[in-house]
Amino acid sequence: MSQIPAADSSAPSDAYDAYAVQQKWQARWAEADPFKAGGDDDTRPRKYVLGMFPYPSGDLHMGHAESYAYVDIVARFWRHRGYNVLNPIGWDSFGLPAENAAIQRGADPRAWTYANIEQHKKSFREYGSSYDWSRILHTSDPEYYRWNQWLFQRLYERDLAYRKESPVNWCPNDQTVLANEQVVDGRCERCGAEVVKKKLTQWYFKITDYADRLLDDLNQLEGFWPSKVIRMQRNWIGRSVGADIDFEIEGHPEKVTVFSTRPDTLHGATFFVVAPDSDLAAELAAGAPAEVRMRFQDYLDSVGRETEIERQSTDRPKTGVFLERYAVNPINGERLPIWAADYVLADYGHGAVMAVPAHDQRDLDFARAFDLPVKVVVDTTAPVTGSISVIELDDEGNPVDPAGDLADLDPAQTGIALTGEGRLINSGALDGLSKRNAIARMIEQLEKLGAGRAAKSYRLRDWLISRQRFWGTPIPMIHTADGRIVPVPDDQLPLTLPDAQGLDLTPKGTSPLGGATEWMQTVDPETGEPALRDPDTMDTFVDSSWYFLRFLAPNDHAEAFPVAQAHRWAPVDSYIGGVEHAILHLLYARFITKVLFDMGLVDFTEPFSSLINQGMVLQDGSKMSKSKGNLVEFASSMVDPGADAVRTAIAFAGPVEDDIDWQDVSTTGSQKFLARAWRIAKDVSSAPDVVWAEGDQALRRVTHRLLADAPGLVEQTKFNVVVARLMELVNATRKTIDSGAGPADPAVREAAEATAMVLDLFAPHTAEEMWEILGYSGFVGLVPWRQADPTLLVEESVTAVVQIDGKVRATLEVPARIDGDALEALARADERVLRSLGDKQIVRAIVRAPKVVSFSTR
């Protein structure tokens, strides 16, 4: 890690020394603590701004620099707008990376983690981040994870935490279970190892009890969260509406329930499929002949080596084993052969499906592979709107199809399932009905028979929180000698981790805590008899599901968070972080918030009112990461080009949501711009009390247009446009200084002060230095936003911004009444635009005269 050199005291005072300015103002901020949130007596309106807290896996890099620059822009903006801003920082400090790094180094994960946190703190201060440093938290502190355990107990009391045996996702590399959300394309999202299924007894949170609310409440977030994130959450919850249908199994004592979105096609069921790794399959195979049992066991072994992604693939051959057992169709009494097949999953639905091959492609592929019957029960050639024509049937009950259209579509021959709309056929009383009416009628029939009911199903599974690793929150449960599981009493929390020294932390399939013999020994709180602790730790997503509330009083030892402070500050007004957390973290935080609402501890049901997702910072065409070895280190960049140049270059690089390649980010250009801005402050020769109205009116119009437009642009996260407009103001100010009234012009001082105030969002050290040079003693970061003079906003000419692929490449001074065609022609002819285009071809132009021209290229 590079060392930051001492400031060069020999640097000339009339030269812009970015690093000396940086050190100077960081020292002053550290002494004054100007960004601490106001207390209960502060009457200003409040804003809670929060960045997704970092994981201390090493020092920060430019990917972090991007995210936390945006956080600081938003926080500083709302302070200028007169708000009491809460902008805290903490560390998501439990988890696998710390434990794995400690294993590699033969170290205690605590020491490795907290050393990295100290480096992070140093880097954040050097970056000029305006945090409330009085509210720091680390999730690996017992003072924090005590409340994880408290939260677990509250969920347990409400029957929302439970333990069961089931097939789980197992990472053979990290030797721990993973939630479904932590498996990406069949691999561990942490280490990339191929995930396998393993049957274990684990702790779960019953998030499925909140599935409807999690889905329906997304409507509250429309327009405030990125539409992509809302869509991803909806798809993950995956609500389907249909019916639960009860099938009797010959020789099996209990009925088996399947869920179907198309109960209307029940007459078309020709076989029955169970997940091979389900308990039901094992029970049915156990009652089958020995030969079948052997085939089933061999098949089960092969399925265990497949990933869930492979099992769900539509382009692989269908496999399965006939169990020589039969289910009975409740609507017509037909016997349906039961097969175990890997395309049905044990933990989705009920782990069993009725197969209707004529109208489901996967069922059809299976039926054709094993020569099973295919029965059409929906005529997709029949109209579904307008009057219902009488469908003529032949002696065998099949529709008479004079045109021959339906026969030509026979799925058994074509291999293509009929999944479209149509009219029911071969379905008794349902014949002639449309899908919607047939579903309602079939549910009525099933309810009368006591064989089914209307139901919903979800893709969402309960949240598996157990982890077989050391570095996490211990699960606060006790296993008694007589088989009971009881909570650790609240007054014995926190249940702290034992010392890692002497423990073997190497992943081996069971939690290292099980090897801490003395720690494992405890007593039954009800009887006083010897008992054992639970050896697992919690998923770290529990830590991050409620941390935004702990920031309200991180040093409170009496409660997880004060309810009054939650009412005062929460929910978070602006939440900023990567889209990679669109499902994992955000879904869990939404769930826990709803539980806390039901407990009466918060008065809102969504944790984050507004969400800003930044794109990725790329290096060599891929995301910066330590594993890929393509990092641009944060610490070294704080020296040269310096924090302000990095922050400004990132803000100017393009739209917040777009990926940016670090090779295209011009920190050199930012350095030059900041030096020009600083030089303007040095050149101002008028006094602070000069009458601005007497200054150059053209320059004043540029200043006041920026003051008027910047708030809206910031709220729309168009930070790059604000920087472009700042550059325009600096250039206009320099022209005024170099001509006419020169540095003494009141408009020059006004422009310089406005530049310093707006520049504070992006380059706070330089902005503070300018403010001091201009004769002020307070912090510019706390200066109220200057109001624009409306009389100066009536323009004879305006500045048009020209963007190429989302990046500002030129500005044009144009008549205020210019039309779109003329503006586009000027933009296409501009030398800077032509230079930026190079060999690229413009494929689309969006013109919003007189302000914006946006070109898309290929």
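In terms of full-length UniProt numbering, the sequence shown has 55 at position 55, counting the first letter as 1, and numbering is strictly consecutive.
Just so it is clear, CB atoms sit at the ideal spot from N, CA and C, and this is done for glycine as well.
Contact check, residue i vs residue j, beta carbons under 8 angstroms
i, j, result
"Glu694", "Pro746", "yes"
"Val714", "Glu66", "no"
"Val378", "Ile425", "yes"
"Ile478", "Asp536", "no"
"Glu638", "Glu126", "Reading the sequence as shown, one finds Met at residue 638 and not Glu. For Met638 and Glu126, yes; Cβs fall inside 8 angstroms."
"Pro487", "Pro494", "no"
"Phe94", "Thr510", "no"
"Ala102", "Trp112", "yes"
"Arg368", "Thr176", "no"
"Ala635", "Asp59", "yes"
"Glu769", "Trp678", "yes"
"Ala810", "Val833", "yes"
"Phe296", "Leu336", "no"
"Ala352", "Val258", "yes"
"Thr766", "Ala752", "no"
"residue 860", "Arg305", "The shown model of the chain, from 1 to 858, leaves out residue 860, and the question about it has no answer."
"Pro109", "Ala516", "no"
"Ser130", "Arg76", "yes"
"Leu782", "Thr736", "no"
Through-space distance from residue j to residue i, alpha-carbon basis
i, j, result
"Tyr83", "Val71", "15 angstroms"
"Trp519", "Ser278", "36 angstroms"
"Pro88", "Ile576", "13 angstroms"
"Leu155", "Phe205", "8 angstroms"
"Gly238", "Leu460", "7 angstroms"
"Asn169", "Phe35", "44 angstroms"
"Asp410", "Val376", "8 angstroms"
"Leu586", "Pro226", "13 angstroms"
"Ser387", "Arg817", "The predicted model places Ser387 with a pLDDT of 42, which falls under 50 and marks its position as unreliable, so this point remains unresolved."
"Leu345", "Asp760", "55 angstroms"
"Gly320", "Trp463", "30 angstroms"
"His557", "Met538", "21 angstroms"
"Asp8", "Ala18", "Confidence is the limiting factor: at Asp8 the pLDDT is only 37, short of 50, which leaves the residue's position unreliable, though a coordinate-based value still follows. So the two alpha carbons sit approximately 11 angstroms from each other."
"Pro402", "Thr381", "Confidence is the limiting factor: at Pro402 the pLDDT is only 41, short of 50, which leaves the residue's position unreliable and the question unanswerable from this model."
"Tyr326", "Phe271", "9 angstroms"
"Ala710", "Arg81", "11 angstroms"
"Asp603", "Gly654", "37 angstroms"
"Ala687", "Lys121", "39 angstroms"
Residue(s) in a DSSP beta bridge with residue i
i, result
"Glu723", "Note that residue 723 corresponds to Val in the displayed sequence, not to Glu. None; Val723 has no bridge partner."
"Ala288", "According to DSSP, which records beta bridges pairwise, Ala288 is partnered with nothing at all."
"Ile249", "Ala327"
"Ser574", "Val49"
"Arg848", "Val852"
"Cys188", "Val183"
"residue 861", "No answer is possible for residue 861: it lies beyond the span of the chain, which begins at 1 and ends at 858."
"Ser240", "Ser457"
Residue i versus the options, residue with shortest Cα-Cα distance
i, options, result
"Tyr48", "Lys228, Leu137, Phe548", "Phe548"
"Asp738", "Leu774, His704, Asp683, Asp246", "Asp683"
"Asp244", "Pro97, Gln153, Leu446, Leu460", "Leu446"
"Ala800", "Thr668, Pro276, Val721", "Val721"
"Gln716", "Phe779, Gln697, Asn613", "Asn613"
"Trp133", "Thr419, Ala553, Ser166", "Ala553"
"Gly450", "Gln803, Gly712, Asp246", "Asp246"
"Phe719", "Asp658, Glu750, Gly192", "Asp658"
"Arg262", "Thr648, Glu99, Thr668, Ile443", "Ile443"
Residues near residue i by beta carbon distance below 7 angstroms, same chain, minus five either side
i, result
"Arg786", "Leu707, Ala754, Met757"
"Val390", "Low confidence applies here, because Val390 scores a pLDDT of 43, under 50, leaving its location unreliable and the question unanswered by this model."
"Val691", "Pro746"
"Arg701", "Leu792, Glu795"
"Met232", "Ala582, Ile583"
"Phe608", "Pro571, Val572, Tyr575"
"Ala675", "Tyr16"
"Val843", "Ser856, Thr857, Arg858"
Residues near residue i in its chain [Cβ-Cβ closer than 6 angstroms; skip 5 each side]
i, result
"Gln3", "Unreliable positioning characterises Gln3 in this predicted model, as indicated by a pLDDT of 33, which lies under 50. The coordinate reading is nonetheless provided below. Result list for Gln3: empty, nothing under 6 angstroms."
"Tyr210", "Phe591, Lys594"
Same chain, Cβ closer than 8 angstroms to residue i, five either side skipped, listed in chain order
i, result
"Gly404", "In this prediction, Gly404 scores a pLDDT of 45, lower than 50, which makes its location untrustworthy; the coordinate-derived value is nonetheless stated afterwards. No residues qualify anywhere along the chain."
"Asp14", "Lys682"
"Asp504", "Pro512, Gly515"
"Ala286", "Arg293"
"Phe224", "Ser609, Ser610, Leu611"
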